[in-house]
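**Q**
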Amino acid sequence: MSAAFGALVQGQSTTGPSPDDSGFSRRIATGAAVLGDYIYVDGGLLVTQSGTATSNESSPYMLQIPANSSWSNDAISFNQLYYTGSPRNNYPDILTSSDGGKMISWGGVSTNEQANSSSEYLWTMQPALSGMSWNLERVDTTSRRTTAQRSAGSGAVVCNNTAFFIGGWVNVDTDPSVDVPRTTKIPKVTTSIATCLANYAESGIVIVLGGETGQTAVYKEGERYVAFDQVHIYSIHKDEWLKQETTGSQPSNRSHFCTVSANGTNGTTEIFVYGGFNSQLSEAYDDLYVLTIPGFHWTKVDYPSSSPRADHACVRAGGRQMVVIGGANLGLSSQEAVYEDVDPWANGLGVFDLVNLSWSHIYSSENNDYDTPTSISDWYAAGNMKQIEWCSDEVKDLFSGHYMNGRNAPPSKNSTITIITSVVGGVTGTVAAMAIVIMLVRPGR
1 MSAAFGALVQ GQSTTGPSPD DSGFSRRIAT GAAVLGDYIY VDGGLLVTQS
51 GTATSNESSP YMLQIPANSS WSNDAISFNQ LYYTGSPRNN YPDILTSSDG
101 GKMISWGGVS TNEQANSSSE YLWTMQPALS GMSWNLERVD TTSRRTTAQR
151 SAGSGAVVCN NTAFFIGGWV NVDTDPSVDV PRTTKIPKVT TSIATCLANY
201 AESGIVIVLG GETGQTAVYK EGERYVAFDQ VHIYSIHKDE WLKQETTGSQ
251 PSNRSHFCTV SANGTNGTTE IFVYGGFNSQ LSEAYDDLYV LTIPGFHWTK
301 VDYPSSSPRA DHACVRAGGR QMVVIGGANL GLSSQEAVYE DVDPWANGLG
351 VFDLVNLSWS HIYSSENNDY DTPTSISDWY AAGNMKQIEW CSDEVKDLFS
401 GHYMNGRNAP PSKNSTITII TSVVGGVTGT VAAMAIVIML VRPGR
């Protein structure tokens with residue numbers, strides 16, 4: 001079924017000062033994605049300070065950060081894209097289509113305490129020829145309202161022209177069709193992170209890591225965490241869930257973290273997990289772990305913790321860099337303390353080198369290719385793949401041949417939008433079965 005398209009909403013752009021020039025303090029619960037030559041940051045709360053007064057409001061614009069030129073986080077000028085019509089949400093899921101031609105936005109929590117009619121749409125955003133403005137297409141999902149409810153805290157990822165939104169929670173602040181008060185949230189698994197491994201199996205696989213799950217129909221934050229000692233795997237072609245145990249130094253239980261992934265030249269894929277928050281312990285984290293696939297082995301990156309943060313976004317840009325945007329130390333004693341705590345990173349930006357495993361305040365636009373960090377390559381070279389205890393023959397067959405036998409992902413296709421809401425079959429452990437599946441298919445199909 002093809003989606004019905006609504007009116008176009010034109011965005012306007014200005015080149016504004018860096019946030020520090022206007023009393024910037026923090027950016028929290030935002031979404032981010034890379035498209036073309038820019039990193040786009042949208043949604044969330046913008047916290048500012050004027051003297052001793054602190055205020056927070058829905059971010060009134062989309063930030064456009066250059067990915068094609070080098071910058072320092074204390075000397076950068078942003079483009080600010082203003083537009084109307086689309087929802088201004090916290091925790092929006094912002095993704096780039098497989099062909100790199102557009103971004104899509106779905107889900108999130110209304111910042112004005114009530115989801116409205118604009119929340120009923122999947123929004124797609126394509127840059128104008130100038131690269132400085134956006135056309136927003138309101139893709140109607142109302143014909144499938146019973147299953148296409150907007151959620152927050154989903155594990156969201158695009159994999160081979162299909163967008164998956166796995167789990168999450170819903171209430172009146174996420175979708176106007178949901179008759180559930182904002183004090184109640186209906187979950188399965190929430191605040192997990194999904195990662196696409198496009199070059200596995202016939203249509204790719206989705207890896208789901210961490211997050212929380214409720215034991216009842218009503219979600220209570222921190223009631224039960226999904227541990228990182230097990231990876232949940234969704235086979236797209238077979239429509240089934242698999243699982244695999246992990247080894248090494250895994251992250252402690254947490255949610256509200258971020259991830260990026262990168263493919264090494266030896267056939268491995270590394271998933272980098274940064275930060276997060278454990279509400280049971282009231283502790284936010286400034287630590288970074290790497291899960292290597294197909295070894296399913298965790299490595300903790302050694303550096304001194306100095307800036308715990310959660311509710312941040314991160315993207316991979318410049319080949320081998322992770323750019324972290326925003327976040328806050330949710331482990332502080334009160335919400336007021338969280339807002340009053342000024343981000344130690346200039347403009348709320350941090351840069352992590354995925355090969356050297358080191359932090360910096362400088363982003364380099366040079367197209368340096370990613371390769372697996374030496375410590376992880378050494379783990380494979382030591383023959384540790386032979387020591388893996390596979391959870392099933394199916395998982396073994398899926399992964400055991402990939403090290404030193406990497407295959408390229410299938411070529412990207414030009415995409416249009418078709419809405420297909422789906423129940424992803426089966427449940428593995430604590431991972432929820434419900435997902436929203438959005439096909440980004442070739443024209444003419």
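Numbering of the sequence shown is given in the UniProt record's numbering, commencing with residue 1 and proceeding in unit increments.
Each residue gets a CB set at the ideal place from its N, CA and C atoms; glycine is no exception.
1) My understanding is that residue 44 touches residue 90, with C-beta atoms under 8 Å, so please give their C-beta distance in whole angstroms.
2) CA-CA distance, residue 347 and residue 398?
3) Residue 350 and residue 324 look like a contact to me (Cβ under 8 Å); what is the Cβ gap, rounded to whole Å?
4) Is it right to say residue 237 is buried, meaning 16 or more other beta carbons lie within 10 angstroms of its own, or is it exposed?
5) Which residue comes first and which comes last in the beta strand (DSSP E) that contains residue 165?
6) What residues match up with residue 353 in a beta bridge as DSSP calls it?
7) When we look at the beta-carbon of residue 303 and count the other beta-carbons within 10 Å, is it buried (16 or more) or exposed?
8) Who are residue 155's beta bridge partners in DSSP?
9) Under three-state DSSP, which class holds residue 334?
10) Keeping to the same chain, check which residues put their C-beta closer than 6 Å to that of residue 74; ignore five residues upstream and five downstream.
11) On the CB-based measure, 16 or more other CB atoms within 10 Å of its CB, does residue 362 come out buried or exposed?
12) Determine the direct distance from the alpha carbon of residue 213 to that of residue 219, and round the result to whole angstroms.
13) So the beta strand (DSSP E) residue 272 belongs to, where does it begin and stop?
14) Among the candidates 394, 123, 40, 55, whose CA atom is the shortest distance from the CA of residue 336?
15) According to DSSP, is residue 71 part of a helix, a strand, or is it coil?
16) What are the start and end residues of the alpha helix (DSSP H) that includes residue 376?
17) Report the option in 342, 311, 344, 298 whose CA atom is closest to the CA atom of residue 375.
18) Would you check if the distance between the CB atom of residue 197 and the CB atom of residue 256 is smaller than 8 Å?
19) How long is the line joining the alpha carbons of residue 274 and residue 386, rounded to whole angstroms?
20) Would you say residue 228 and residue 246 are within 8 Å of each other, going by their C-beta atoms?
21) Could you check whether residue 41 and residue 30 sit closer than 8 Å to each other, using their CB atoms as the reference points?
22) What does a CB cutoff of less than 6 Å around residue 205 pick up in its chain, not counting 5 residues either side in sequence?
23) Find out if the Cβ-Cβ distance for the pair residue 87, residue 108 is shorter than 8 Å.
24) Assuming residue 360 and residue 68 form a contact by the criterion Cβ under 8 Å, report the distance between their Cβ atoms to the nearest whole angstrom.
25) From which residue to which residue does the beta strand (DSSP E) around residue 245 run?
26) With respect to the alpha helix (DSSP H) encompassing residue 399, which residues constitute its N-terminal and C-terminal limits?
27) Drop a sphere of 10 angstroms on the beta-carbon of residue 305, count the other beta-carbons inside from all chains shown, and report buried for 16 or more, exposed for fewer.
28) With DSSP run on the structure shown, which of helix, strand or coil describes residue 348?
29) First and last residue of the beta strand (DSSP E) that includes residue 24?
30) Would residue 105 and residue 125 be called neighbours here (beta carbons separated by less than 8 Å)?
31) Tell me the DSSP secondary structure of residue 80 in three-state form.
32) When we look at the beta-carbon of residue 356 and count the other beta-carbons within 10 Å, is it buried (16 or more) or exposed?
**A** In brief:
1) Numbered from its first residue, the sequence shown carries residue 44 at position 44. Numbered from its first residue, the sequence shown carries residue 90 at position 90. About 6 Å separates the two Cβ atoms, so the contact holds.
2) For the purposes of this step, residue 347 is taken as residue 347 along the sequence shown, with counting starting at 1. For the purposes of this step, residue 398 is taken as residue 398 along the sequence shown, with counting starting at 1. Looking at the two C-alpha atoms, the distance is approximately 43 Å.
3) Here the question's residue 350 lines up with position 350 in the sequence shown. Here the question's residue 324 lines up with position 324 in the sequence shown. Yes, they are in contact, since the Cβ atoms of residue 350 and residue 324 sit about 4 Å apart, within 8 Å.
4) For the purposes of this step, residue 237 is taken as the residue at position 237 of the sequence shown. That one is exposed.
5) For the purposes of this step, residue 165 is taken as the residue at position 165 of the sequence shown. Where residue 165 is concerned, the enclosing beta strand (DSSP E) stretches over 162-166.
6) Counting from 1 along the sequence shown, the entry for residue 353 is found at position 353. DSSP output for residue 353 lists 321, 358 as bridge partner(s).
7) By 1-based counting over the sequence shown, the position of residue 303 is 303. Per the 10 Å Cβ criterion, exposed.
8) The residue given as residue 155 occupies position 155 in the sequence shown. Per DSSP, 166.
9) Locating residue 334 in the sequence shown gives position 334, counting from the first residue. Coil, per DSSP.
10) Taking the sequence shown and counting its residues from 1, the one referred to as residue 74 is at position 74. The answer, listed in chain order, is 346.
11) In the sequence shown, residue 362 corresponds to position 362, counting from 1. It counts as exposed.
12) Position 219 of the sequence shown, counted from the start, is the residue given in the question as residue 219. Position 213 of the sequence shown, counted from the start, is the residue given in the question as residue 213. Because the pLDDT at residue 219 is just 43, under 50, the model does not fix this residue reliably, and the value given afterwards should be weighed accordingly. Approximately 7 Å between the Cα atoms of the pair.
13) Counting from 1 along the sequence shown, the entry for residue 272 is found at position 272. 269-274 is the span of the beta strand (DSSP E), which, as asked, contains residue 272.
14) Position 336 of the sequence shown, counting from 1, holds the residue named residue 336. Per the Cα distances, 55.
15) As a first step, residue 71 is located in the sequence shown; it is residue number 71 there, counting from the start. DSSP places residue 71 in strand when its eight states are reduced to three.
16) Reading the sequence shown from its first residue, position 376 is the one you call residue 376. From DSSP, the alpha helix (DSSP H) with residue 376 extends over 374-381.
17) If you number the sequence shown from 1, residue 375 lands on position 375. Measuring from the Cα of residue 375, the nearest candidate turns out to be 298.
18) Looking up residue 197 in the sequence shown gives position 197. Looking up residue 256 in the sequence shown gives position 256. No; because the gap between Cβ atoms is not below 8 Å, this pair is not in contact.
19) Position 274 of the sequence shown, counted from the start, is the residue given in the question as residue 274. Position 386 of the sequence shown, counted from the start, is the residue given in the question as residue 386. For residue 274 and residue 386, the distance between alpha carbons rounds to 29 Å.
20) The count along the sequence shown starts at 1 and reaches residue 228 at position 228. The count along the sequence shown starts at 1 and reaches residue 246 at position 246. Yes, the Cβ-Cβ distance between residue 228 and residue 246 is below 8 Å.
21) Here the question's residue 30 lines up with position 30 in the sequence shown. Here the question's residue 41 lines up with position 41 in the sequence shown. Taking 8 Å as the Cβ cut-off, residue 30 and residue 41 qualify as a contacting pair.
22) Taking the first residue of the sequence shown as position 1, residue 205 is located at position 205. So the list reads 197, 233, 235, once near-sequence residues are dropped.
23) To locate residue 87, count along the sequence shown from 1; it is residue 87. To locate residue 108, count along the sequence shown from 1; it is residue 108. It is a contact, given that the beta carbons lie within the stated cut-off.
24) Within the sequence shown, the letter at position 360 stands for residue 360. Within the sequence shown, the letter at position 68 stands for residue 68. Not really, about 18 Å apart at Cβ, beyond 8 Å.
25) Indexing the sequence shown from 1 puts residue 245 at position 245. Segment 240-245, the beta strand (DSSP E) holding residue 245.
26) Locating residue 399 in the sequence shown gives position 399, counting from the first residue. Counting along the chain, the alpha helix (DSSP H) containing residue 399 begins and ends at 393-399.
27) Position 305 of the sequence shown holds residue 305. By the 10 Å Cβ count, residue 305 comes out exposed.
28) The residue labelled residue 348 in the question sits at position 348 within the sequence shown. In this structure, residue 348 counts as helix in the three-state DSSP scheme.
29) Start at 1 with the first residue of the sequence shown, and residue 24 comes out as number 24. Per DSSP, residue 24 belongs to the beta strand (DSSP E) from 24-28.
30) Numbered from 1 along the sequence shown, position 105 holds the residue referred to as residue 105. Numbered from 1 along the sequence shown, position 125 holds the residue referred to as residue 125. It is a contact, given that the beta carbons lie within the stated cut-off.
31) Start at 1 with the first residue of the sequence shown, and residue 80 comes out as number 80. Strand at residue 80.
32) Locating residue 356 in the sequence shown gives position 356, counting from the first residue. It counts as exposed.
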